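Under my numbering, the first residue of the sequence shown is numbered 43, with each subsequent residue one higher.
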Amino acid sequence: MIKGDYFMGNKATFVDIQLFDLFESSLGKFIPGFSTDPYPELEAIVKRVKANPEIAAYLAKHLP
């Protein structure tokens, strides 16, 4: 299903950013006990997106 470092290949796309948002904010807040452990490939994508320097800078500026 996943081909490369990201969902659609070796470059992050809108899909990867949406996936990051879903896993980092929505699911974690609205589903108690939600874990990405059963989804290691998706968890790895979320970590790559979060580590992106531009996204990390945005998060540092806009999140508490």
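Think of the CB as a built atom: it goes at the ideal place given N, C-alpha and C, for glycine as much as any other residue. If you're wondering where the values come from, they're calculated on a predicted model, not measured in any experiment.
Counting C-beta atoms within 10 angstroms of its own C-beta, Phe65 has 16 or more neighbours from the protein chains shown and is therefore classed as buried. By the neighbour-count definition (other C-beta atoms within 10 Å, threshold 16), Tyr48 is a buried residue.
Distances from the alpha-carbon of Asn94 to those of Pro106, Ile73, Ala54 put Ala54 closest.
The three-state reading of DSSP puts Tyr48 in strand, counting E and B together.
Under the three-state reduction of DSSP output, Gly70 falls in the helix class.
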